[in-house]
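Residue numbers (my numbering): 39 to 656. All C-beta atoms in this analysis are idealised placements derived from N, C-alpha and C, irrespective of residue type, glycine included. Here is the structure we will look at.
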Amino acid sequence: MSKTEKYEFQAEVGKVLDIVVNALYSHSEIFLRELISNASDAADKLRYSALTHPGLMKDHGAFEIILRPDKAQKTLAIVDNGIGMNKEELIQNLGTIARSGSAEFAAHLTGDSKKDMNLIGQFGVGFYSAFMVASKVEVFTRKAGDSTGWHWTSEGAGSFTIDEDKKTPTGTTILLHLKKQFEEYLDPMRLRFIVKQYSDHVSIPIILENGRDKETLNSASALWTRPKTEITEEQYRDFYRSLTHNFDEPWLTLHYNAEGIIEYKALLFIPSKAPFDLFQPDKKRGLNLYVNRVFISDEVEELLPHYLRFVKGIIDTNELPLNVSREMLQHTPVLAKIRKGIVTRLLEAIKKKMEESDSYNTFWKDFGIVFKEGLYEEPENVKKIAPLCRFYSSKVDGLTSLDEYIKRMPVGQKNIYYITGDDLAVLRNNPSLEGFTAKGIEVLLLTDPIDEFWPQVFNEWDGKKILSVTQPDKDFEEIKALSENDAESLTDSLQTLLITKVKEILKDQVNDVQMTNRLNKSPVALRAANGQMSIHLERLMKQHGQQQSFASTRILELNPRHALIKKLGQAVFDKAPDEKIADAVWILYDEARAIEGEPLEDPAGFMEKVNAFMEKGF
Ligand code: ADP
Numbered sequence: 039m040s041k042t043e044k045y046e047f048q049a050e051v052g053k054v055l056d057i058v059v060n061a062l063y064s065h066s067e068i069f070l071r072e073l074i075s076n077a078s079d080a081a082d083k084l085r086y087s088a089l090t091h092p093g094l095m096k097d098h099g100a101f102e103i104i105l106r107p108d109k110a111q112k113t114l115a116i117v118d119n120g121i122g123m124n125k126e127e128l129i130q131n132l133g134t135i136a137r138s139g140s141a142e143f144a145a146h147l148t149g150d151s152k153k154d155m156n157l158i159g160q161f162g163v164g165f166y167s168a169f170m171v172a173s174k175v176e177v178f179t180r181k182a183g184d185s186t187g188w189h190w191t192s193e194g195a196g197s198f199t200i201d202e203d204k205k206t207p208t209g210t211t212i213l214l215h216l217k218k219q220f221e222e223y224l225d226p227m228r229l230r231f232i233v234k235q236y237s238d239h240v241s242i243p244i245i246l247e248n249g250r251d252k253e254t255l256n257s258a259s260a261l262w263t264r265p266k267t268e269i270t271e272e273q274y275r276d277f278y279r280s281l282t283h284n285f286d287e288p289w290l291t292l293h294y295n296a297e298g299i300i301e302y303k304a305l306l307f308i309p310s311k312a313p314f315d316l317f318q319p320d321k322k323r324g325l326n327l328y329v330n331r332v333f334i335s336d337e338v339e340e341l342l343p344h345y346l347r348f349v350k351g352i353i354d355t356n357e358l359p360l361n362v363s364r365e366m367l368q369h370t371p372v373l374a375k376i377r378k379g380i381v382t383r384l385l386e387a388i389k390k391k392m393e394e395s396d397s398y399n400t401f402w403k404d405f406g407i408v409f410k411e412g413l414y415e416e417p418e419n420v421k422k423i424a425p426l427c428r429f430y431s432s433k434v435d436g437l438t439s440l441d442e443y444i445k446r447m448p449v450g451q452k453n454i455y456y457i458t459g460d461d462l463a464v465l466r467n468n469p470s471l472e473g474f475t476a477k478g479i480e481v482l483l484l485t486d487p488i489d490e491f492w493p494q495v496f497n498e499w500d501g502k503k504i505l506s507v508t509q510p511d512k513d514f515e516e517i518k519a520l521s522e523n524d525a526e527s528l529t530d531s532l533q534t535l536l537i538t539k540v541k542e543i544l545k546d547q548v549n550d551v552q553m554t555n556r557l558n559k560s561p562v563a564l565r566a567a568n569g570q571m572s573i574h575l576e577r578l579m580k581q582h583g584q585q586q587s588f589a590s591t592r593i594l595e596l597n598p599r600h601a602l603i604k605k606l607g608q609a610v611f612d613k614a615p616d617e618k619i620a621d622a623v624w625i626l627y628d629e630a631r632a633i634e635g636e637p638l639e640d641p642a643g644f645m646e647k648v649n650a651f652m653e654k655g656f
């Protein structure tokens, strides 16, 4: 028998162990995740080495990780047939702290045990977490290609021993002598649960060996780690379905391996249908995060901007420690960098899909309402987001893009125009469009609540201002110019006279009365005063119980080319009876409200006045 050698742990390891053993009780189950992750890495390393040295895997069966609880001995063995370790590596890897996570952890240790305990959550503690649940840890290992193996033992306190072990096969067995209070880890149910929760996507089978029974615990479907060329569409679809619990096909599947400044693997999906809870505030959002195929969290919101919250999928990276905490996820620059990469790739993929597939409008109808938020959420990407946006418009039946709109602009049109409202059909007939339509100017018809907000931030495209048709008239120089040859307008002096009169009659109803070029068939229209909430937004707020008095912010606009307005102007000049003029003005005001979808101030009074005029008309 070879002699047993005794070694001291490096001082930092001692400190880490001390904290791990004494403080990490609340999440003790993570030891299994850590050891499985190491085993899976060991398999990856052997697979990789065998690429250049095929002899290393001679007589090697399939890769697997075996969990072998032994109730009689109160031990749990975690067995892998990965790369294994030679003697030097054993001493180096399990006796000193060389690797990033633990090294950083050790570097941050202060000696103040309270502070140090908090640190544990932030850094992975890898192999040493075994000492949370075990009073003694034995490691049997043989490096692939070596003629002998080694046996490492420690009780965690300061030292470990190593002796030769000729019998141990290639790979590593970690044998945990469980502490009395952790015998739950002998229970197959408990093991099954932990593996499902933390290690389901580890790419090699994790097998529970219970006496003669063998049971694979994980689905071993780390699909994202396999080359794209080896994955069928069905496999992607099945993975998507199990991930999202959906039954549809993914509309977009994006699978890539980012290398360079930051390394990660991404497998992302856009569903073909919006989920019913897309707008529920408490809906789970975010991507699943894996560190080296080990599941970390399933709702990492930091990985996606808000406007892409319908994207599902997983990110797998080695740039974070396994034991990354919630706080760390919120602050680490790693996630911010990955998110930047994800957004770029997604926007490119959506663009490609838009160019190549005719299903784009279907996507837009389901997710456009969310995607548009990007126009104000992410100014740095607006150049990529805007061309992907679609809108209804006064000139075309279906959806259109800003660039198509611009191509259709008649000579002389300088700006891009839009109008907001609840309903497409009602918007198409809004009098505020008349002047534009008459001059061949197209207006985007925006019906989503969000459309009230993005134009305030995203207000220019391709050198053209994006303006609401309810903006003050001075912004519509081109319409005015185009209106010069229209029907004769009420003379300036009569305009002034009429405005004064109407203001007098409606002084408590409106903020101002103005002439406009925007109308064509209609005599009047209402619009929000400059800088005030639009009438549509005002209504949205009322629906949400945020009622205030808005009436004083309205402007009543008169069409100086309309026969009725011209007659009314003349009537004021001719000193027609005040009551008659007031009745007519009130009818016109109520008409303007009605067309905006507003209730009439006094429906009975309105009817009475209209009827009286009709009677005279006959
Ligand atoms: P990490 O795995 O994050 O590097 P650990 O403390 O968990 O840190 O492990 C330290 C090192 O020990 C690993 O990097 C690896 O080289 C070695 N190691 C641990 N477990 C195994 C194993 N099952 N097979 C081979 N090597 C292992």
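How about Asp-336 and Trp-262: do their beta carbons lie closer than 8 Å?
Within the sequence shown, residue 336 is the residue found at index 298, counting from 1. Within the sequence shown, residue 262 is the residue found at index 224, counting from 1. Not a contact, by the Cβ cut-off of 8 Å.
Here's the rule: buried if 16 or more other CB atoms are within 10 angstroms of the residue's CB, otherwise exposed. What is Ala-566?
Locating residue 566 in the sequence shown gives position 528, counting from the first residue. Buried.
Could you check the C-alpha separation between Gln-509 and Glu-490 for me, to the nearest Å?
Working through the sequence shown from its first residue, we reach residue 509 at position 471. Working through the sequence shown from its first residue, we reach residue 490 at position 452. Each residue's alpha carbon lies about 13 Å from the other.
For Thr-42, count the other beta carbons within 10 Å of its own beta carbon; 16 or more makes it buried, fewer makes it exposed. Which is it?
Taking the sequence shown and counting its residues from 1, one reaches residue 42 at position 4. With fewer than 16 other Cβ atoms within 10 Å, it is exposed.
Could you check if Ile-158 is buried or exposed, using at least 16 other CB atoms within 10 Å of its CB as the buried criterion?
Here residue 158 refers to the residue found at position 120 when the sequence shown is read from its first residue. Its pLDDT being 49, under 50, Ile-158 is placed unreliably in this model, and the coordinates cannot settle the point.
From which residue to which residue does the alpha helix (DSSP H) around Arg-228 run?
Translated into the one-based positions of the sequence shown, residue 228 becomes position 190. It spans 226-237 - the alpha helix (DSSP H) in which Arg-228 sits, taken as one unbroken run.
Contact under 8 Å by Cβ, Leu-536 with Leu-602
Numbered from its first residue, the sequence shown carries residue 536 at position 498. Numbered from its first residue, the sequence shown carries residue 602 at position 564. For the 8 Å CB-CB criterion, Leu-536 and Leu-602 do not form a contact.
Counting pairs of beta carbons, one from the segment 300-313 and one from the segment 380-390, are three or more of them closer than 8 Å?
These segments touch.
On the DSSP bridge assignment, give the partners of Val-329 in chain order.
The residue labelled residue 329 in the question sits at position 291 within the sequence shown. Val-332 and Thr-355.
Considering only residues of the same chain and omitting the five flanking positions on each side of Lys-410, which have a CB-CB separation below 8 Å?
Here residue 410 refers to the residue found at position 372 when the sequence shown is read from its first residue. The beta carbon of Lys-410 lies closer than 8 Å to those of Tyr-345, Cys-427, Asp-486, Ile-488, Asp-489 and Trp-492 in the same chain, with the five residues before and after it left out.
Going by beta carbon distance, what residues of the same chain come within less than 6 Å of Tyr-274, once the five residues before and after it are set aside?
Within the sequence shown, numbered from 1, the residue matching residue 274 stands at position 236. Within the same chain, Cβ atoms closer than 6 Å to the Cβ of Tyr-274 are found at Thr-291, the five residues on either side in sequence being excluded.
At the 8 Å Cβ level, is Ala-182 part of the contact set with chain D, yes or no?
The question asks about chain D, but that chain is absent: this structure has only one protein chain.
contact_flag[the segment 236-248, the segment 89-106] where n(CB pairs < 8 Å) is 3 or more:
The segment 236-248, when compared against the segment 89-106, does touch it at the 8 Å Cβ threshold.
Pick helix, strand or coil for Asp-118, following the three-state DSSP scheme.
Along the sequence shown, read from residue 1 onward, the residue named residue 118 stands at position 80. Correct three-state label for Asp-118: strand.
Stretch-stretch touch, CB-based, cutoff 8 Å, three pairs: the segment 323-337 with the segment 361-375:
In this structure the segment 323-337 lies against the segment 361-375, because at least three pairs of beta carbons, one per stretch, are closer than 8 Å.
Should Arg-631 be labelled buried (16 or more other beta-carbon atoms within 10 Å of its own) or exposed?
Position 593 of the sequence shown, counting from 1, holds the residue named residue 631. That one is buried.
On a Cα-Cα basis, can you pick out the residue from Val-58, Asp-79 and Val-233 that is closest to Arg-71?
What you label residue 71 is simply residue 33 of the sequence shown in a count that begins at 1. In terms of Cα proximity to Arg-71, the closest of Val-58, Asp-79 and Val-233 is Val-233.
In whole angstroms, what is the alpha-carbon distance linking Met-645 and Lys-604?
Mapped onto the sequence shown, residue 645 falls at position 607. Mapped onto the sequence shown, residue 604 falls at position 566. If I take the Cα positions, the gap works out to 23 Å.
Going by DSSP, name the residue or residues bridged to Arg-565.
One-based indexing of the sequence shown puts residue 565 at position 527. According to DSSP, Arg-565 shares a beta bridge with Ile-593.
Going straight from the alpha carbon of Asp-435 to that of Asn-453, what length do you get?
Stepping through the sequence shown from its first residue, residue 435 is reached at position 397. Stepping through the sequence shown from its first residue, residue 453 is reached at position 415. Rounded to whole angstroms, the separation of the alpha carbons of Asn-453 and Asp-435 is 21 Å.
Considering only heavy atoms of ligand 1, does any lie closer than 7 Å to the CB of Gly-120?
Translated into the one-based positions of the sequence shown, residue 120 becomes position 82. Within the cutoff, so yes.
Using only the heavy atoms of ligand 1, determine whether one of them is closer than 7 Å to the beta carbon of Asn-284.
Position 246 of the sequence shown, counting from 1, holds the residue named residue 284. In this structure, ligand 1 has no non-hydrogen atom nearer than 7 Å to the beta-carbon of Asn-284.
Compare the Cα-Cα distances from Ala-88 to each of Ile-504, Ile-57 and Gly-120 and report the closest residue.
Numbered from 1 along the sequence shown, position 50 holds the residue referred to as residue 88. Each of Ile-504, Ile-57 and Gly-120 was checked against the Cα of Ala-88, and the nearest Cα belongs to Gly-120.
How big is the Cα-Cα spacing for Phe-69 and Glu-271?
If you number the sequence shown from 1, residue 69 lands on position 31. If you number the sequence shown from 1, residue 271 lands on position 233. For Phe-69 and Glu-271, the distance between alpha carbons rounds to 36 Å.
Report yes or no: do the segment 186-198 and the segment 223-241 share at least 3 C-beta pairs separated by less than 8 Å?
The segment 186-198 is not in contact with the segment 223-241.
Taking only three categories from DSSP, how would you classify His-189?
Indexing the sequence shown from 1 puts residue 189 at position 151. Strand, per DSSP.
Let me know the secondary structure DSSP gives Arg-250 once reduced to three states.
Indexing the sequence shown from 1 puts residue 250 at position 212. Three-state DSSP puts Arg-250 in coil, outside helix and strand.
My assumption, with CB atoms under 8 Å, is that Ser-167 sits in contact with Val-58. Please give the rounded CB distance.
Within the sequence shown, residue 167 is the residue found at index 129, counting from 1. Within the sequence shown, residue 58 is the residue found at index 20, counting from 1. Sure, about 6 Å apart at Cβ, within 8 Å.
Write down the C-beta distance between Thr-179 and Gly-122 rounded to the nearest angstrom, noting that I regard them as a contact closer than 8 Å.
Walking along the sequence shown from the start, residue 179 turns up at place 141. Walking along the sequence shown from the start, residue 122 turns up at place 84. Contact check for Thr-179 and Gly-122: beta-carbon distance about 5 Å, within the 8 Å limit, so the pair qualifies.
Anyone know if the C-beta pair for Asp-460 and His-574 falls short of 8 Å?
Taking the sequence shown and counting its residues from 1, the one referred to as residue 460 is at position 422. Taking the sequence shown and counting its residues from 1, the one referred to as residue 574 is at position 536. A contact, by the Cβ cut-off of 8 Å.
Is Asn-60 buried or exposed, if buried means 16 or more other CB atoms sit within 10 Å of its CB?
As a working note, residue 60 is residue 22 in the sequence shown. Per the 10 Å Cβ criterion, exposed.
Using beta-carbon positions only, say whether Leu-214 and Thr-113 come within less than 8 Å of one another.
Position 176 of the sequence shown, counted from the start, is the residue given in the question as residue 214. Position 75 of the sequence shown, counted from the start, is the residue given in the question as residue 113. In this structure, Thr-113 lies closer than 8 Å to Leu-214 by Cβ.
Going by the CB atoms, is the gap between Ser-527 and Pro-598 shorter than 8 Å?
To locate residue 598, count along the sequence shown from 1; it is residue 560. To locate residue 527, count along the sequence shown from 1; it is residue 489. Result yes, Cβ atoms of Pro-598 and Ser-527 sit closer than 8 Å.
Kindly list the residues whose CB is nearer than 6 Å to the CB of Gln-160, restricted to its own chain and excluding five residues on each side of it in sequence; keep chain order.
As a first step, residue 160 is located in the sequence shown; it is residue number 122 there, counting from the start. Unreliable placement is indicated for Gln-160, whose pLDDT of 42 sits below 50; the coordinate value is still reported in the next sentence. Once the five neighbours on either side are set aside, the close Cβ partners of Gln-160 are Ser-363 and Met-366.
Within this structure, are the beta carbons of Pro-469 and Ile-633 separated by less than 8 Å?
Here residue 469 is taken as the residue at index 431 of the sequence shown, counted from 1. Here residue 633 is taken as the residue at index 595 of the sequence shown, counted from 1. Yes, the pair counts as a contact, with Cβ atoms nearer than the cut-off.
Measure the beta-carbon distance from Met-170 to Ser-75 and round it to whole angstroms, keeping in mind my assumption that it falls under 8 Å.
In the sequence shown, counting from the first residue as 1, residue 170 sits at position 132. In the sequence shown, counting from the first residue as 1, residue 75 sits at position 37. Not quite, the Cβ-Cβ distance comes to about 15 Å (not below 8 Å), so this is no contact.
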